[in-house]
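These protein sequences, in sequence, are chains E and A. Just add 199 to the spot in the first sequence (first one is 1) and you have my numbering. Just add 97 to the spot in the second sequence (first one is 1) and you have my numbering.
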Amino acid sequence: MNMPRNPSANSHLAVALATGDFQVPVVLAARSQALIGDGIASQAAPLSIDALQFEILRPDTLCIDLGAAPVETVGCVFYEHGAGSKERAGLGSGQGSKLPSAARVLVPNQKSNGPITRTRVRPPRDIVKLADRLRLLLEPPLESLLASGSLRFAHQPFAFQLDGVAFLYPRDEAVLADEMGLGKTMQAITAVRLLIHQKSLRRVLLICPKPLVSNWQREFALWAPELCVNVIDGGPTRRQWLWREAPGPVTIANYEALLRDRANANIDSQHFDLVILDEAQRIKNRSSATNESVRSISRSRSWALSGTPIENSVDDLVGIFEFVAPGRIDSKMKPRAISRAVADHVLRRTKDQVLTELPPKLFRDAELELTPEQFESYRLAEDEGVVRLKEMKQAVTIHHVFELVLRLKQICNFDPFTRASSKFERLEADLEECAASGRKAIIFSQWVETLVELRERLARFGPAEYHGQIPNHQRDEQIRRFREDSGCHLMLLSYGAGSVGLNLQFASYVFLFDRWWNPAVEDQAINRAHRIGAEHAVTVTRFLTVGTIEQRINEVLEHKRELFDEVFGETVTAPSRGLSRDDVFSLFNLQSPPHSAAVA
Amino acid sequence: MPLEPANPAATFGYLSTWDTPEHGCLGGYLVVSSLGRPLEFHCTAPIRPSRAQQILFGPTLWPFVMGEQIGGALLAEAKLRPQVILVDHVATLCLRPKVASAMAYWKVAAADGAGVRPSESELLRVGEWSFEVAAGYDSDRDTANSLLTILSQHVELPEPFERIHQAIREAQRLGGPGEPDAYEHAA
Chain E
200 MNMPRNPSAN
210 SHLAVALATG
220 DFQVPVVLAA
230 RSQALIGDGI
240 ASQAAPLSID
250 ALQFEILRPD
260 TLCIDLGAAP
270 VETVGCVFYE
280 HGAGSKERAG
290 LGSGQGSKLP
300 SAARVLVPNQ
310 KSNGPITRTR
320 VRPPRDIVKL
330 ADRLRLLLEP
340 PLESLLASGS
350 LRFAHQPFAF
360 QLDGVAFLYP
370 RDEAVLADEM
380 GLGKTMQAIT
390 AVRLLIHQKS
400 LRRVLLICPK
410 PLVSNWQREF
420 ALWAPELCVN
430 VIDGGPTRRQ
440 WLWREAPGPV
450 TIANYEALLR
460 DRANANIDSQ
470 HFDLVILDEA
480 QRIKNRSSAT
490 NESVRSISRS
500 RSWALSGTPI
510 ENSVDDLVGI
520 FEFVAPGRID
530 SKMKPRAISR
540 AVADHVLRRT
550 KDQVLTELPP
560 KLFRDAELEL
570 TPEQFESYRL
580 AEDEGVVRLK
590 EMKQAVTIHH
600 VFELVLRLKQ
610 ICNFDPFTRA
620 SSKFERLEAD
630 LEECAASGRK
640 AIIFSQWVET
650 LVELRERLAR
660 FGPAEYHGQI
670 PNHQRDEQIR
680 RFREDSGCHL
690 MLLSYGAGSV
700 GLNLQFASYV
710 FLFDRWWNPA
720 VEDQAINRAH
730 RIGAEHAVTV
740 TRFLTVGTIE
750 QRINEVLEHK
760 RELFDEVFGE
770 TVTAPSRGLS
780 RDDVFSLFNL
790 QSPPHSAAVA
Chain A
98 MPLEPANPAA
108 TFGYLSTWDT
118 PEHGCLGGYL
128 VVSSLGRPLE
138 FHCTAPIRPS
148 RAQQILFGPT
158 LWPFVMGEQI
168 GGALLAEAKL
178 RPQVILVDHV
188 ATLCLRPKVA
198 SAMAYWKVAA
208 ADGAGVRPSE
218 SELLRVGEWS
228 FEVAAGYDSD
238 RDTANSLLTI
248 LSQHVELPEP
258 FERIHQAIRE
268 AQRLGGPGEP
278 DAYEHAA
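Here it is in structure tokens:
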């Protein structure tokens, strides 16, 4: 800072601020002035310099890191690169029939102006590893899988059938319990076909009742014509060879052949990638040789098909699950607990749920009075029978009671002496109407003798027959005649032979001449006509003679329906049991002897 | 009908990124064969841009988050290098300079606020679907056209995006709500 030299300058010095480093030395100077007379004498005061340094603070800065933090990822690799070349459709090496001329590539179901439906494969709950679950979720829709494998279909499957295929596809343990007539066969065959094409299955064993073997052969030819299918039949030597050396991926055997050949063919030492049981209620008895035989087969996957997984009690389902998933349920569990335990392993749909386009099923129960002749015979038989049972006291067994029940039921059909029958009178009148309208009817009875009598008395309707007295090699002809002969208006079937596996959807009337012990078998019988392909409503007439044993049995059957709904339906009702020993004795107001057990 | 696809070695990538209010930004990457079968899958944990990022990135936020962060991480993790990568968020097209594969954005009908969009004549059409390629990479149009035509014979082209979303939902479900800590690597 420069100081002025002239002391006479103003006393206030201009302060020149030094610039630069934020240091501002401030110099304060004062010039004193003394006044002496007229003269002004001034004298410069000594300057003192005080330097104050003011440091201007650096302002706070805020640094925002906008850089990218590492992003966590997880991933799965499913196939080795080059998997495209592995994705060829693997056809069976054996002989396969030609593709049906009408075969077509599956296309997704699409309603007009609606979204395309895609059937996704969902992983079952017992697949816990994330990678395995993701592998299934990341598969293309079923429609794409089927199309990409060049899998052609004779008919476009229903959407619910593709859902059934998607249900079976990822599961090692499954029960397909769709109501009869919804195409369980087609769904199982399609799932097998898809898995074989993807090389997930190499050996498949299908076990079914003997009468259905030819049906399965036809279905495989229709839905999977490229697959080589072997049938265990013929003499012992041929069967042994087939069990060991059969070419192709699929083998069909009946339950009886399995029992017969188990030891000789050393079946237990063989392994199957998949074993399917058709009409799986055949193994409901856990202690039966059949149940033990199927359980002993070495397998990776176990599927069971049954429209009636519970015929009498939950023990039936337990028996099936001893094959499908041993230990998952037991007979001590309550029905609701069983329902929860099997929920992810069982798929059941009813026609009402999925086939809204199917014509309706109309029930027209015929409650009839016995004819006077029948009534007299019935009263005598019941009174004498009950007296006899009471006289036996502790010696009476369930078989004695059954004998009386069956005898009374037969009287409800026809009077033993005069052959009078109120049921026949009603049936004949209904058949007149049926024939006049050009429709066809099927009639079920549990007795062949009843069917034979009906055949004779209804000869003018040209009846066909399908029961135990008809040899196997004639049965297909009977069905063909019933289907194609316009003069054949009815078919007479027994519950045993005719209630499973037959496709009679061209019949519009079903008559249950006498009732079966449980409603499941009756449903199977009715669904021979009311199934996919039915063009008309199906009218079901169930005959019941009032005030008789038939009416009392019917009341017990209603309880059985409630039990089935409790496990497989959403209604919550009081638990109920099947026809127990006490129930049977109570039909005649008898006290059952000690040691009761479920009998039917 | 031939049993093998015309180009069995062709693979296709599907990169899906999206923003959810509850979890933040997520991404999944699925590589499929020419038959649409899954070959490889990766997904990210959710990330959420900070407030500062939202402000300071401005309109470049989505390309940064969806593209560089999520998309970049997924593509870096993948072992397979597909010939074509389809994306469902236009912001991820910004990855094109960093990958060797052709990229195409599946143009959905709804606007996604990405600024100036190409005209209809500049779009790539395969069947009933339209695709947009990254600016300056016109050759991707021909590459994608030929390969996607093959894929479209077996798969509805946008359908694998649904699978990615399902798979991520499943992973989140197993890991708890919003906390995909149940992820695991698997060969």
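No residue lacks a Cβ here, since even glycine has one placed at the ideal position from N, Cα and C. Please read these numbers as outputs of a predicted model, since none were measured by experiment.
Here's the rule: buried if 16 or more other CB atoms are within 10 angstroms of the residue's CB, otherwise exposed. What is residue i?
{"i": "residue 788/E", "result": "exposed"}
{"i": "residue 366/E", "result": "buried"}
{"i": "residue 266/A", "result": "exposed"}
{"i": "residue 598/E", "result": "exposed"}
{"i": "residue 666/E", "result": "buried"}
{"i": "residue 168/A", "result": "buried"}
{"i": "residue 587/E", "result": "exposed"}
{"i": "residue 318/E", "result": "buried"}
{"i": "residue 671/E", "result": "exposed"}
{"i": "residue 185/A", "result": "buried"}
{"i": "residue 436/E", "result": "exposed"}
{"i": "residue 552/E", "result": "exposed"}
{"i": "residue 340/E", "result": "buried"}
{"i": "residue 528/E", "result": "buried"}
{"i": "residue 292/E", "result": "Confidence in residue 292/E is poor, its pLDDT being 25 and thus under 50, which makes the residue's placement too unreliable to answer from."}
{"i": "residue 401/E", "result": "exposed"}
{"i": "residue 212/A", "result": "Because the pLDDT at residue 212/A is just 48, under 50, the model does not fix this residue reliably, and the value given afterwards should be weighed accordingly. Result: exposed."}
{"i": "residue 183/A", "result": "buried"}
{"i": "residue 477/E", "result": "buried"}
{"i": "residue 463/E", "result": "exposed"}
{"i": "residue 506/E", "result": "buried"}
{"i": "residue 356/E", "result": "buried"}
If residue i sits next to residue j, beta carbons under 8 Å apart, how far is it from one beta carbon to the other, in whole angstroms?
{"i": "residue 140/E", "j": "residue 576/E", "result": "As displayed, chain E neither begins before 200 nor continues past 799, which places residue 140/E out of reach and without an answer."}
{"i": "residue 537/E", "j": "residue 504/E", "result": "Going by Cβ atoms, the distance from residue 537/E to residue 504/E rounds to 19 Å, so no, they are not a contact pair."}
{"i": "residue 441/E", "j": "residue 429/E", "result": "6 Å"}
{"i": "residue 374/E", "j": "residue 523/E", "result": "6 Å"}
{"i": "residue 546/E", "j": "residue 380/E", "result": "Not quite, the Cβ-Cβ distance comes to about 16 Å (not below 8 Å), so this is no contact."}
{"i": "residue 128/A", "j": "residue 175/A", "result": "6 Å"}
{"i": "residue 278/E", "j": "residue 136/A", "result": "5 Å"}
{"i": "residue 388/E", "j": "residue 353/E", "result": "Their Cβ separation, rounded to whole angstroms, is 11 Å, which puts residue 388/E and residue 353/E out of contact at 8 Å."}
{"i": "residue 618/E", "j": "residue 567/E", "result": "16 Å between Cβ atoms; not a contact."}
Output the boundary residues of the alpha helix (DSSP H) element that contains residue i.
{"i": "residue 385/E", "result": "383-396"}
{"i": "residue 725/E", "result": "718-725"}
{"i": "residue 598/E", "result": "597-612"}
{"i": "residue 491/E", "result": "488-494"}
{"i": "residue 247/A", "result": "236-248"}
{"i": "residue 694/E", "result": "694-697"}
{"i": "residue 621/E", "result": "621-635"}
{"i": "residue 254/E", "result": "No alpha helix (DSSP H) holds residue 254/E; DSSP gives it neither H nor E."}
Hey, quick one: how far does the beta strand (DSSP E) through residue i stretch, first residue to last?
{"i": "residue 745/E", "result": "From DSSP, residue 745/E is part of no beta strand (DSSP E); its letter is neither H nor E."}
{"i": "residue 201/A", "result": "199-203"}
{"i": "residue 361/A", "result": "Limits of chain A in this structure are 98 at one end and 284 at the other, which puts residue 361/A out of reach."}
{"i": "residue 128/A", "result": "121-130"}
{"i": "residue 347/E", "result": "Taken as a continuous stretch (DSSP letters only), residue 347/E belongs to no beta strand (DSSP E), being part of the alpha helix (DSSP H) at 341-347."}
{"i": "residue 196/A", "result": "From DSSP, residue 196/A is part of no beta strand (DSSP E); its letter is neither H nor E."}
{"i": "residue 174/A", "result": "Run containing residue 174/A: none in the beta strand (DSSP E); it sits in the alpha helix (DSSP H), 169-174."}
{"i": "residue 373/E", "result": "372-375"}
My parser needs the alpha helix (DSSP H) runs of 4 or more residues fully inside the region 413-482 of chain E; what are they?
435-444, 454-460
Alpha helix (DSSP H) runs contained entirely in the region 514-571 of chain E, provided each spans 4 or more residues:
534-541, 550-553
Near-chain E residues of the region 122-138 of chain A - C-beta to any C-beta below 7 Å: 127, 130, 131, 132, 133, 134, 135, 136, 137, 138
message = Tell me which residues of the region 170-181 of chain A have at least one Cβ-Cβ distance to chain E shorter than 9 Å, keeping chain order.
response = 170, 171, 173, 174, 175, 176, 177
At a Cβ cut of 9 Å, what residues of the region 105-119 of chain A count as close to chain E, listed as they run along the chain? 105, 106, 107, 108
Select from the region 370-398 of chain E all residues with a C-beta closer than 7 Å to any C-beta belonging to chain A, and list them in chain order.
none
Of all the beta strand (DSSP E) runs that stay within the bounds of the region 644-688 of chain E, which reach a length of 3 or more residues?
Taken in chain order, the complete beta strand (DSSP E) segments of 3 residues or longer contained in the region 644-688 of chain E are 663-665.
Notebook entry, point to check: Taking Cβ-Cβ distances below 7 Å as the criterion, which residues of the region 259-274 of chain A are in contact with chain E?
Noted result: 260, 263, 264, 267, 268, 271
Residues of the region 329-345 of chain E with a CB closer than 9 Å to any CB of chain A: list them in chain order, please.
329, 330, 331, 332, 333, 334, 336, 337, 338, 339, 340, 343, 344
Check: Residues in the region 141-158 of chain A with C-beta within 8 Å of chain E's C-beta atoms, listed in sequence order?
Finding: For the region 141-158 of chain A, the set of positions with a beta-carbon nearer than 8 Å to some beta-carbon of chain E reads 141, 142, 144, 149, 150, 153, 154 in chain order.
Exercise. In chain order, what residues of the region 316-328 of chain E put their CB closer than 9 Å to some CB of chain A?
Worked result: Residues are counted here when their Cβ sits less than 9 Å from a Cβ of chain A; for the region 316-328 of chain E these are 317, 319, 322, 327, 328, given in chain order.
(Q) To be precise: take each residue of the region 628-656 of chain E, compare its Cβ to all Cβ atoms of chain A, and keep it if any distance is under 8 Å. Which residues remain? (A) none
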